[in-house]
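Report on the following structure.
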Amino acid sequence: MKLIKSIVRPHKVDDVRDALEKLNIAGMTVTDVRGHGRQKGHTAVYRGKEYSVSLLPKVEIEVVVPDAVAEDVIEAIMAAARTGEIGDGRVFVIPVEQSYNIRTGERDV
């Protein structure tokens with residue numbers, strides 16, 4: 014199994030969710046996060062005063078999928094989240110050794 018963590022623009026979350034539903038990926042965790050990469054933030058004006066915004070709002074989407082569909086999921090996330098601009102986000106793939114259902118105690122394979 015693989016844990017696929019993706020950091021995307023907030024307005025792209027619904028597009029990513031729809032793309033994952035087309036692949037029959039049912040479960041996901043969505044978290045509001047802030048950060049920056051190459052984008053390095055931007056300047057903004059509030060009440061006539063300019064200030065720097067270095068940590069930009071993003072959304073982290075986490076899904077655990079079988080190895081067999083991991084590449085399809087990665088491609089779907091990247092296609093759905095891409096705008097072509099700096100700051101589109103990142104996808105991280107992490108191996109998952111074991112998973113357990115808390116209610117039943119069953120181990121997922």
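The opening position of the sequence shown corresponds to residue 14 in the working numbering, with each subsequent residue numbered one higher.
Glycine included, each C-beta is placed from N, C-alpha and C at the ideal position.
Asked, Found
"Inter-residue spacing [alpha-carbon to alpha-carbon] between residue 75 and residue 35", "17 angstroms"
"Other residues of its chain near residue 108: CB distance less than 7 angstroms, five sequence neighbours each side excluded", "15"
"Secondary structure of residue 72, DSSP reduced to three states", "strand"
"Bounding residues of the alpha helix (DSSP H) (the contiguous stretch that carries residue 109)", "Segment: none, residue 109 is in no alpha helix (DSSP H) and carries neither H nor E."
"CB of residue 69 within 8 angstroms of CB of residue 100, strictly", "yes"
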